[in-house]
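According to numbering that gives the first Met the number 0, the stretch in the sequence shown is residues 0 to 425, in order.
Where a beta carbon is used, it is the ideal one built from N, C-alpha and C, also for glycine.
All values reported here derive from a predicted model rather than from experimental measurement.
So the structure is just underneath, and the comments pick up after that.
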Amino acid sequence: MKKLIQHVALYQDHRVLEGQNIAIDGSRITGFPEAPKASEYEEVIDGKGMLALPGFVNTHNHVAMTVFRSYADDMQLMDWLEKKIWPAEAKLTDDVIYAQSMLGIAEMIRCGTTAYADMYDHMDQEARAVEESGIRACLCRGSIGIGPNAQAGLDENRQLFLDWHGKADGRITVMMGPHAPYTCPPDYLHKFVDQARELGAEIHIHLSETKGEVENIKQQYGKSPIALMDEIGVLDCGCLAAHCVWVDDDDMDIMAEKHVRVAHNPGSNLKLASGVAPVPKMLAKGITVGLGTDGASSNNNLDIVEEMRLATLIHKAHTLDPLVIPAETALNMLTEGGAKCLGYTDVGKLETGYKADITLVDREGLHWYPKNDTLSLMAYSANSMDVDTVLVNGEVLLRHKEFTKLDIEKIKAEAERTRKKLFAQI
0 MKKLIQHVAL YQDHRVLEGQ NIAIDGSRIT GFPEAPKASE YEEVIDGKGM LALPGFVNTH
60 NHVAMTVFRS YADDMQLMDW LEKKIWPAEA KLTDDVIYAQ SMLGIAEMIR CGTTAYADMY
120 DHMDQEARAV EESGIRACLC RGSIGIGPNA QAGLDENRQL FLDWHGKADG RITVMMGPHA
180 PYTCPPDYLH KFVDQARELG AEIHIHLSET KGEVENIKQQ YGKSPIALMD EIGVLDCGCL
240 AAHCVWVDDD DMDIMAEKHV RVAHNPGSNL KLASGVAPVP KMLAKGITVG LGTDGASSNN
300 NLDIVEEMRL ATLIHKAHTL DPLVIPAETA LNMLTEGGAK CLGYTDVGKL ETGYKADITL
360 VDREGLHWYP KNDTLSLMAY SANSMDVDTV LVNGEVLLRH KEFTKLDIEK IKAEAERTRK
420 KLFAQI
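This is the structure we're talking about:
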């Protein structure tokens, strides 16, 4: 189906071009015609007053954890996991995962997200939600290498890859998902590395999230989590590393050498008091960094635009340098950098031949005036409610702030029903 977005401001090649047109055929951008004939297109989207951006990418999430939003706040990370989250997760069922995934996906689409990375359980149900909703996703089965379900984690990751990698018109990709070094002993991680190499899959893992984690790993193994993962071979598989808050220069040198991509989760790291990741140093070393929300249980929303603004602000305060993470750098982490984190090669830019994953942002709110610098306005003034229209793979998922595929009232009702069902068992 041929579509035309006309009269839109276009972010391309580090600049904003006013009065542009974007032509789409099927799932891809076909060009930027100067004087297109609307009659040649089956759908025409009026982009007047809007900014067209590459679709926003959320590089780290546990989307079905929407069910735990506001359930266990203001706690230390390990207390939060051991006393609240892990016992409750043991009661999760397929219908809870599906309903909560649909809720989280709808929230992300409304915030302009077109692709996300996720690590959780019952992943067939989340994959089903991705397929039905139209969003793009990179999924893995989060696996813990201690306890009776260790082998199941390996097996289910393999099956998820075999069943879903490349499915839903290519919108679904699959990585391997060992949870973290403190929950996955080296022998278990070696099995994941072998499986990833056999399947040709990459690895999504939590690394160096807290100071305590790093200290414990060093005490156990005599090296940092990053160095340990390098020794085991995790970083050689292609690695998406979530958090990386407590990494030093030696760690970052390894990360740069092994092309580790980092999912930076400023909101979650602030809420859990994990610390502030040294993102300016990572970027200076050439490490690819994207933005993530983490799960709604530790954020507590899935608003990736909010994460962009946090990323522009916290590093200025933390380094006492107002020049770090300027507006365009933050915007790159939201779009192209995020796409690279997920391993996409044809997503993240508005260029001919790229996938038509596009977010249109309304620039007519009071906070968009006066119009001095569009990129600065996007980074420092905009909010997710400015998102007007969202396309993924050329399909319109949100049109003028209304969902085209999802029954939002039904999604909310099912999310509440399954929440009550789950908590009745806890």
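- Secondary-structure assignment with DSSP links Phe402 through a beta bridge to Leu397.
- In the structure shown, the three-state DSSP call for Phe31 is coil.
- Rounded to the nearest angstrom, the gap between the Cα atoms of Tyr379 and Ala326 is 7 Å.
- Burial check for Glu208: the Cβ neighbour count within 10 Å reaches 16 or more, so the residue is buried.
- For Tyr220, no beta strand (DSSP E) segment is defined; the enclosing uninterrupted segment is the alpha helix (DSSP H) at Lys210 to Tyr220.
- Under the DSSP assignment, Met118 falls in the beta strand (DSSP E) whose first and last residues are Thr112 to Tyr119.
- C-alpha of Cys139 to C-alpha of Met122: approximately 7 Å in a straight line.
- Annotation: the continuous alpha helix (DSSP H) that includes Glu88 extends over Trp85 to Glu88.
- When secondary structure is reduced to three states using DSSP, Asp249 falls in the helix class.
- Sequence-distant partners of Thr318 (beyond 5 residues in either direction) whose C-beta falls short of 7 Å from its own C-beta, in its chain, are Pro279.
- DSSP places Gln194 inside the alpha helix (DSSP H), whose first and last residues are Pro185 to Leu198.
- With respect to the 9 Å criterion, Thr58 and Gly289 are classified as neighbours on the basis of their beta carbons.
- With three or more CB-CB distances shorter than 8 Å, the region 349-366 counts as touching the region 392-405.
- In this structure Asp302 is not in contact with Cys183, their Cβ atoms being roughly 30 Å apart against a cut-off of 8 Å.
- Residue pairing from DSSP places Ala262 in a beta bridge opposite Ala241 and Gly289.
- The DSSP-derived three-state label of Tyr10 is strand.
- In terms of Cα proximity to Val360, the closest of Glu155, Arg196 and Thr388 is Thr388.
- In this chain, the alpha helix (DSSP H) harbouring Asp93 covers Asp93 to Arg109.
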